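Going letter by letter, the sequence shown gives residues 19 to 229 in my numbering. Here's the structure, in structure tokens; my notes come after.
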Amino acid sequence: MALQLGDEAPDFTAETTEGTINFHEYLGDAWGVLFSHPKDFTPVCTTELGSVARLKSEFDKRNTKVLAISVDPIEFHTGWVPDINETQNTEVDYPLIADPDRKVASLYGMIHPNEGRTVTVRSVFIVGPDKKVKLTINYPQSTGRNFHEILRVLDALQLSAKHSVVTPADWEDGDDCIIPPAIPDDEAKDRFPKGWTAPRPYLRMTPQPDK
Numbered sequence: 019m020a021l022q023l024g025d026e027a028p029d030f031t032a033e034t035t036e037g038t039i040n041f042h043e044y045l046g047d048a049w050g051v052l053f054s055h056p057k058d059f060t061p062v063c064t065t066e067l068g069s070v071a072r073l074k075s076e077f078d079k080r081n082t083k084v085l086a087i088s089v090d091p092i093e094f095h096t097g098w099v100p101d102i103n104e105t106q107n108t109e110v111d112y113p114l115i116a117d118p119d120r121k122v123a124s125l126y127g128m129i130h131p132n133e134g135r136t137v138t139v140r141s142v143f144i145v146g147p148d149k150k151v152k153l154t155i156n157y158p159q160s161t162g163r164n165f166h167e168i169l170r171v172l173d174a175l176q177l178s179a180k181h182s183v184v185t186p187a188d189w190e191d192g193d194d195c196i197i198p199p200a201i202p203d204d205e206a207k208d209r210f211p212k213g214w215t216a217p218r219p220y221l222r223m224t225p226q227p228d229k
């Protein structure tokens, strides 16, 4: 059965380009972004891993650790990293997980059913400090991921976790948020002192609490 939002992210121990890690232990009290790629030495994946490397400081600001994974062996990963660094003008400084026995890919449902037993789909999992799955996104092999969108979603998830608000369509950091219907007006007055506008009783917009 596929992982659902709110499920505990499966723990695992694996070899990586930064040594052997235990996933839950590695995350500690941080958030995590685990993303799979179909194969080493492929063009789209090269650009994606380079993009994440360039954005690494942004993930760090959000107390978030990033990890990439494919079913290729560790020697492929270590041979590929210099290519990524050179062609993408960056330095990959996060772990690339080797999963040749497909253990992790199977735990997370990363094997594409229509593409063969060794092809991991472009999956993204965001895991909270409580080790629960907060978000999953699957992309086809042909489409590179937008990691600025992953950062945007991460901002929204962390904001909701800290301040009990939800975010509207196309929300960006600094935009107004929504007070959930489950919070009554009397309680909302205390929790959201900046007030709110309500074009409908169920739609209460309030300034972002931490801005």
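Even glycine gets a Cβ: it sits at the ideal position worked out from N, Cα and C. Keep in mind that this is a model prediction, so the values were computed, not measured.
For residue j and residue i, the rounded distance between their alpha carbons
{"i": "LEU175", "j": "LYS152", "result": "8 Å"}
{"i": "PRO28", "j": "LEU21", "result": "9 Å"}
{"i": "LEU114", "j": "THR82", "result": "16 Å"}
{"i": "GLU109", "j": "VAL89", "result": "22 Å"}
{"i": "VAL99", "j": "THR64", "result": "9 Å"}
{"i": "TYR235", "j": "ASP204", "result": "For residue 235 there is no data in the structure shown, the boundaries of the chain being 19 and 229."}
{"i": "ASP173", "j": "ILE39", "result": "26 Å"}
{"i": "TYR157", "j": "LYS207", "result": "41 Å"}
{"i": "GLU190", "j": "GLN159", "result": "27 Å"}
{"i": "ARG222", "j": "LEU177", "result": "17 Å"}
Own chain partners of residue i with C-beta closer than 6 Å, once the 5 adjacent residues on each side are dropped
{"i": "THR154", "result": "PHE143"}
{"i": "ASP228", "result": "none"}
{"i": "PHE30", "result": "PHE41 and VAL122"}
{"i": "GLU167", "result": "none"}
Endpoints, the beta strand (DSSP E) within which residue i is located
{"i": "PHE53", "result": "49-54"}
{"i": "ARG222", "result": "221-224"}
{"i": "GLU33", "result": "31-34"}
{"i": "LEU153", "result": "151-157"}
Residues near residue i in its chain [Cβ-Cβ closer than 8 Å; skip 5 each side]
{"i": "LEU67", "result": "HIS55, ALA86, ILE102, GLN106, VAL110 and LEU114"}
{"i": "LYS74", "result": "VAL84, ASP111 and TYR112"}
{"i": "THR185", "result": "ALA174, LEU177, SER178, ASP193, CYS195 and ILE196"}
Own chain residues within Cβ distance below 7 Å of residue i, not counting five before or after
{"i": "HIS181", "result": "PRO227 and ASP228"}
{"i": "PRO225", "result": "ASP194 and LYS212"}
{"i": "ALA48", "result": "ASN81, THR82, LYS83 and PRO147"}
Segment limits, alpha helix (DSSP H) that includes residue i
{"i": "ARG170", "result": "165-181"}
{"i": "LEU67", "result": "61-72"}
{"i": "HIS218", "result": "Residue 218 is actually Arg in this sequence, not His. Segment 215-218 is the beta strand (DSSP E) holding ARG218; no alpha helix (DSSP H) there."}
{"i": "LEU45", "result": "41-45"}
Assumed close pair residue i, residue j - CB separation to whole angstroms, cut-off 8 Å
{"i": "ARG163", "j": "ARG140", "result": "6 Å"}
{"i": "VAL62", "j": "VAL84", "result": "Not quite, the Cβ-Cβ distance comes to about 17 Å (not below 8 Å), so this is no contact."}
{"i": "GLU33", "j": "ILE92", "result": "5 Å"}
{"i": "GLY50", "j": "VAL145", "result": "4 Å"}
Near the ligand GDP: residue i beta-carbon under 6 Å from a heavy atom
{"i": "PRO219", "result": "As far as ligands go, the structure on display features none, and thus does not contain the ligand GDP."}
Could you name each continuous beta strand (DSSP E) segment of 3 residues or more that falls completely within the stretch 84-149, going from the start of the chain to the end? The qualifying runs are 114-116 and 140-145.
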